[in-house]
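Undergrad:
In the numbering used here, the protein residues as written are 12 to 283.
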């Protein structure tokens, strides 16, 4: 709770570059990547920068302090799907060759997003990096019990990518949810995971964790998400018990209109 964490990674927006005929948004993974740690009430001069391996991060899971170290967990990929392929490249071939591991002879899986840990030692300046999840699942849009923001959390949740559907569509499609058990993680082990899969051709967006009022455990609550059944062209809100994650949803609510993919969710409690 003593620091702000700043990601300075090589996905940039540059108006001057656009004026000179280049792209407005550009990702250059060979350029640089660094993480800044600033005292909570510090200024620009108080930021301490740590050089890290170049990568792309859109969403942070959580950060917390452990002795002299600031720990950062996030979902990390080697490249960015933004701004898209260079002019003249086929969007679907470009996307598939970086996502699906059996679709292309020179596939590099650079869009594959995995949970990752950076340990930044404020005393020695040392950086330790490692993957927290394996190569079976690409995931993003993390959620935690927000009461644990800035503190070490036992659990996290995320949307999981349907690799086949995503490769065919040329865009990420999330066919399920994952529960990550950080509390069971040992120093060299990947985190244990549970899955909640949606029916075929059904994909989610905007998932969020809602803590149970009066809950006594960190995962007392629900994961709520919007899903769209592409076969029936029907959208629903799905509520999953976070403690019985692999079970059937506790509620499925039909929606009067479509919620587009890519929308972010937030739960706001209203007392009537």
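Glycine residues also receive a C-beta, built at the ideal position from the N, C-alpha and C atoms.
Any idea if residue 27 is buried or exposed, counting beta-carbon neighbours within 10 angstroms, 16 or more meaning buried?
TA: Working through the chain shown from its first residue, we reach residue 27 at position 16. Residue 27 comes out exposed.
Undergrad: Distance, Cα to Cα, residue 177 vs residue 168?
TA: Looking up residue 177 in the chain shown gives position 166. Looking up residue 168 in the chain shown gives position 157. Rounded to whole angstroms, residue 177 and residue 168 show a C-alpha spacing of 20 Å.
Undergrad: Report the residue ranges of all alpha helix (DSSP H) runs contained in full by the region 184 to 222; include only those spanning at least 4 residues, in chain order.
TA: none
Undergrad: For residue 272, which option in 208, 196, 152, 143 has the closest C-alpha, if you only look at C-alpha atoms?
TA: Position 261 of the chain shown, counted from the start, is the residue given in the question as residue 272. Here the closest residue by C-alpha is 152.
Undergrad: State the Cα-Cα distance for the pair residue 65 and residue 214, rounded to the nearest angstrom.
TA: On the chain shown, residue 65 is found 54 positions in, with the first residue counted as 1. On the chain shown, residue 214 is found 203 positions in, with the first residue counted as 1. Roughly 30 Å separates the two Cα atoms.
Undergrad: For residue 184, is the classification buried or exposed, using 16 other Cβ atoms within 10 angstroms of its Cβ as the cut-off for buried?
TA: As a working note, residue 184 is residue 173 in the chain shown. Under this definition residue 184 is a buried residue.
Undergrad: Is the distance from the Cβ of residue 12 to the Cβ of residue 161 below 7 Å?
TA: The residue labelled residue 12 in the question sits at position 1 within the chain shown. The residue labelled residue 161 in the question sits at position 150 within the chain shown. Between residue 12 and residue 161, the CB-CB gap stays under 7 Å.
Undergrad: Using three-state DSSP, classify residue 279 as helix, strand or coil.
TA: Position 268 of the chain shown, counted from the start, is the residue given in the question as residue 279. Under the three-state reduction of DSSP output, residue 279 falls in the coil class, being neither helix nor strand.
Undergrad: Which stretch, first to last residue, makes up the alpha helix (DSSP H) that contains residue 28?
TA: Locating residue 28 in the chain shown gives position 17, counting from the first residue. Residue 28 -> alpha helix (DSSP H) spans 26 to 30.
Undergrad: State the Cα-Cα distance for the pair residue 21 and residue 34, rounded to the nearest angstrom.
TA: By one-based count along the chain shown, residue 21 stands at place 10. By one-based count along the chain shown, residue 34 stands at place 23. Near 14 Å, if we compare the C-alpha coordinates of residue 34 and residue 21.
Undergrad: What residue from 88, 63, 31, 204 has the CA that sits closest to residue 69's CA?
TA: The residue labelled residue 69 in the question sits at position 58 within the chain shown. Out of 88, 63, 31, 204, 88 has the C-alpha closest to the C-alpha of residue 69.
Undergrad: For residue 236, is the classification buried or exposed, using 16 other Cβ atoms within 10 angstroms of its Cβ as the cut-off for buried?
TA: The residue you call residue 236 lines up with position 225 of the chain shown. Per the 10 Å Cβ criterion, buried.
Undergrad: What are the residues that DSSP puts in a beta bridge with residue 239?
TA: Start at 1 with the first residue of the chain shown, and residue 239 comes out as number 228. DSSP output for residue 239 lists 214, 246 as bridge partner(s).
Undergrad: If you draw a straight line from the C-alpha of residue 281 to the C-alpha of residue 71, how long is it?
TA: For the purposes of this step, residue 281 is taken as residue 270 along the chain shown, with counting starting at 1. For the purposes of this step, residue 71 is taken as residue 60 along the chain shown, with counting starting at 1. Using only the alpha carbons, I get a separation of about 27 Å.
Undergrad: Classify residue 22 as helix, strand or coil using the three-state DSSP reduction.
TA: Here residue 22 refers to the residue found at position 11 of the chain shown. In this structure, residue 22 counts as strand in the three-state DSSP scheme.
Undergrad: According to DSSP, is residue 255 part of a helix, a strand, or is it coil?
TA: Residue 255 sits at position 244 when you count from the first residue of the chain shown. DSSP places residue 255 in coil when its eight states are reduced to three.
Undergrad: Hey, residue 47 and residue 63: beta-carbon distance below 7 Å or not?
TA: Along the chain shown, one-based indexing puts residue 47 at 36. Along the chain shown, one-based indexing puts residue 63 at 52. Not a contact, by the Cβ cut-off of 7 Å.
Undergrad: Quick one: residues in its chain with C-beta nearer than 8 Å to the C-beta of residue 276, no 5 flanking neighbours on either side, listed in chain order?
TA: Residue mapping note: residue 276 aligns to position 265 of the chain shown, counting from 1. Closer than 8 Å at Cβ, skipping near neighbours: 216, 217, 218, 219, 235, 236, 237.
Undergrad: Taking the straight line between their C-alpha atoms, what separation do you get for residue 81 and residue 126?
TA: Within the chain shown, numbered from 1, the residue matching residue 81 stands at position 70. Within the chain shown, numbered from 1, the residue matching residue 126 stands at position 115. Going from the Cα of residue 81 to the Cα of residue 126 covers about 17 Å.
Undergrad: Cβ of residue 256 within 7 Å of Cβ of residue 197?
TA: Along the chain shown, one-based indexing puts residue 256 at 245. Along the chain shown, one-based indexing puts residue 197 at 186. Result no, Cβ atoms of residue 256 and residue 197 do not sit closer than 7 Å.
Undergrad: Under the assumption that residue 165 contacts residue 229 (Cβ atoms under 8 Å), give the Cβ distance between them as a whole number of angstroms.
TA: Taking the chain shown and counting its residues from 1, the one referred to as residue 165 is at position 154. Taking the chain shown and counting its residues from 1, the one referred to as residue 229 is at position 218. Indeed they touch by this definition, with Cβ atoms about 5 Å apart.
Undergrad: Below 6 Å CB to CB, which residues in the same chain sit around residue 117 once its five sequence neighbours on both sides are set aside?
TA: By 1-based counting over the chain shown, the position of residue 117 is 106. With a pLDDT of only 45 at residue 117, under the threshold of 50, the placement of this residue in the model should not be trusted; the figure read from the coordinates follows. Closer than 6 Å at the Cβ level, and outside the excluded window around residue 117, lies no residue.
Undergrad: With DSSP run on the structure shown, which of helix, strand or coil describes residue 55?
TA: Here residue 55 corresponds to residue number 44 of the chain shown, with the count starting at 1. Residue state, collapsed to three classes: helix.
Undergrad: Measuring only the C-alpha atoms, how far is residue 74 from residue 157?
TA: Residue numbering aside, residue 74 sits at position 63 when the chain shown is read from its first letter. Residue numbering aside, residue 157 sits at position 146 when the chain shown is read from its first letter. Roughly 12 Å separates the two Cα atoms.
Undergrad: So, for residue 79: in the same chain, excluding its five sequence neighbours on each side, which residues have a beta-carbon less than 8 Å away from its beta-carbon?
TA: Stepping through the chain shown from its first residue, residue 79 is reached at position 68. Closer than 8 Å at the Cβ level, and outside the excluded window around residue 79, lie 132, 133, 134, 135.
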